[in-house]
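Just below is one structure, and these are the notes that go with it.
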Amino acid sequence: MGFRLCSYLLIAAIGSLASNNRVTAQMLEHGGGVRRLQSLELGRQNAQYQECVDNMYASDFTGDLALSEQEYLLFIAKESQGEILVEDFSELPFPLVTHFIYGACFCSIIFQTPNCCVGAQAAIDLNPENSPFVIDNLITICISVAQVIGEEVPTDLPALLPSAAPSQSPSTAPTKVTSEEPSLSPTIAPTTLAPSVPTQRPTPEELTCVNFQYGISNSDGFTAEDIFNEIGNTLKTGLIIATRNVTIETLNTTFPRDESGRRLQQQLQRNHWPLESSKSVDAFLAFRPYDRYITHDIVSAANSGTTTQVTDLGRFRLGDEVAKVEPTPMAEGIDYQHTQGHRRAAYLPIGAFDEDARRLSFYTDEFEPLVNSIFENPFCDTGIQCMIVDSTVCVLLEEGDDETMVRAALLGGIEQSIRDGSFQAAIPPENQLPSGEDVVDSP
């Protein structure tokens, strides 16, 4: 039947899910609504998420600094102002279930602890002493949950997405938040200091990485362990190759800074390099910070009738500390003599070491993409195996590169490729699941 990559983030039921859940209602009435064991004070930069984070800590009814499934129901009830009250965790809208699973599996992503988010022990970590990334995880959950609630609850409910709207009670001082639409990740101030001595060759300190997650599912019985360990399949290798190809195409498309680069871009599009299939799309650019989206007509590499799907989870983070990246052997089966001329932006730019040459970020196979983990998502339709893939890809920066811009472009390109089918097209046929080919659905 095949393997499927789909979009949990955009799956949403219509209408209010309010019910007469006595358990959650009683928790709200007898302490859940006012209980605040402790909270985490966010900086001014993230002040718009403070109330949401406070609600997480207030929902930690046991005080163990871990938000369980039942406590998550309380948190959702508080965030939705009582509009989403359900009796059982599985009754939540599917996107909210997915966001809990991802948040709870933070332990697997960061600490590489197996089965730490499985069964009764699954919980969202609220203790910032466990990792500096706890705050990032909580803010990500707040953003994702607010998006879903905004789609689930009646339109006349006050907006729950982060905004600079006035507080419900008058304040004695003007608000310090001035952004009308805060970014999904903290804004990094522009760097004003330049290196005093130009670097002649890339160093490990110039390696910048992005972390992202997406969902996959299949109807052929392949589990997360099967795919991660490549038991009876090589799909993990295919996902790595697809990530590599999308990364290279994103760099080639986003940063052709001179006429040579533009000529190379056109040549890549004509030759469909480095993708093997002539059915591949030509470019993978979604420059999210400036909404410079490029859309394409997608030619699927799969035949009709497949149930394969790749899922956009909306998990694209500007974080290079998530996974340790070590140099990996050069990819096998690549004619590097033949591809030398294609390295203008994707690899080391020609003439990049010349004093007056414009330097560009580039990808190298010394740092291949990583699939950090694949873990099960138990809340899936009968007969379907759902799982979440956590992945990291790194590129090298040259002097003068804007790291924030490069990372944002990478995330945008990867995200758009999953949405528009380009990621699917980049998975080699020999790495698809044995019983079917891969398809990426548009959300």
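Under mature numbering (1 follows the signal peptide of the UniProt record, and there is no 0), read the sequence shown as residues -18 to -1, 1 to 425, first letter to last.
For each residue, glycine too, the CB sits at the ideal point set by N, CA and C.
The model shown is predicted, which means the values in this text are computed figures rather than measured ones.
Three-way DSSP call (helix, strand, coil) for residue i in this model
i    : result
S126 : helix
C87  : coil
V228 : helix
Q406 : helix
F357 : strand
S41  : helix
E412 : helix
C34  : helix
L22  : coil
D383 : coil
I121 : helix
Q63  : coil
T235 : helix
L55  : helix
T80  : helix
N215 : coil
N28  : helix
N3   : Its pLDDT being 40, under 50, N3 is placed unreliably in this model, and the value from its coordinates should be taken loosely. N3 falls in the coil class under three-state DSSP.
V388 : helix
L221 : helix
V116 : helix
E73  : helix
Residues bridged to residue i (per DSSP)
i    : result
G395 : Answer is none; G395 lacks a bridge partner.
T374 : N193 and L352
D107 : A48
F344 : L378
Residues near residue i by beta carbon distance below 7 Å, same chain, minus five either side
i           : result
N413        : T216, L217, T219, G220 and I223
E385        : T190 and L379
residue 434 : Here the chain has residues from -18 to 425 only, and residue 434 is not among them.
T95         : C89
V388        : T190, S343, V377 and L379
residue 437 : Absent from the model: residue 437. The displayed extent of the chain is -18 to 425, so no value can be given.
Residue span of the alpha helix (DSSP H) that contains residue i, given as start and end
i    : result
N97  : Segment: none, N97 is in no alpha helix (DSSP H) and carries neither H nor E.
A206 : A206 to F210
Within 8 Å, strictly: CB atoms of residue i and residue j
i    : j    : result
S399 : V228 : yes
S373 : T225 : yes
C376 : F357 : no
P110 : L22  : yes
A59  : I106 : no
S113 : I91  : no
F82  : E51  : yes
V371 : Y84  : no
S62  : V135 : yes
Y54  : C124 : no
F194 : L393 : yes
Chain-order list of residues whose beta-carbon lies under 6 Å from that of residue i (same chain, five-residue window excluded)
i    : result
C368 : S199, N359 and C362
A104 : A86
A408 : A224, N227, V228 and L257
F266 : Low confidence applies to F266: its pLDDT is 24, below 50, so where it sits in the model is not reliable enough to give any reading.
V35  : L22 and L120
A206 : I356, F357, E358 and M369
Nonlocal neighbours in the same chain, by C-beta distance under 8 Å from residue i, ignoring five residues either side
i    : result
G365 : S201
V307 : With a pLDDT of 38 at V307, under the threshold of 50, the modelled position of that residue is not reliable, and the figure given next carries that caveat. Here the set comprises L189, C191, F349, L352, T374 and C376.
L108 : L22, M38, Y39, D42, L47, A48, L49, V116 and L120
G212 : First, the residue type needs correcting, since residue 212 is Glu and not Gly in the sequence shown. Excluding residues within five positions, the ones whose Cβ falls inside 8 Å are K218 and T219.
D208 : G214 and N215
8 Å Cβ cutoff, residue i in contact with chain D
i    : result
G203 : Any reference to chain D falls outside this structure, which holds one protein chain only.
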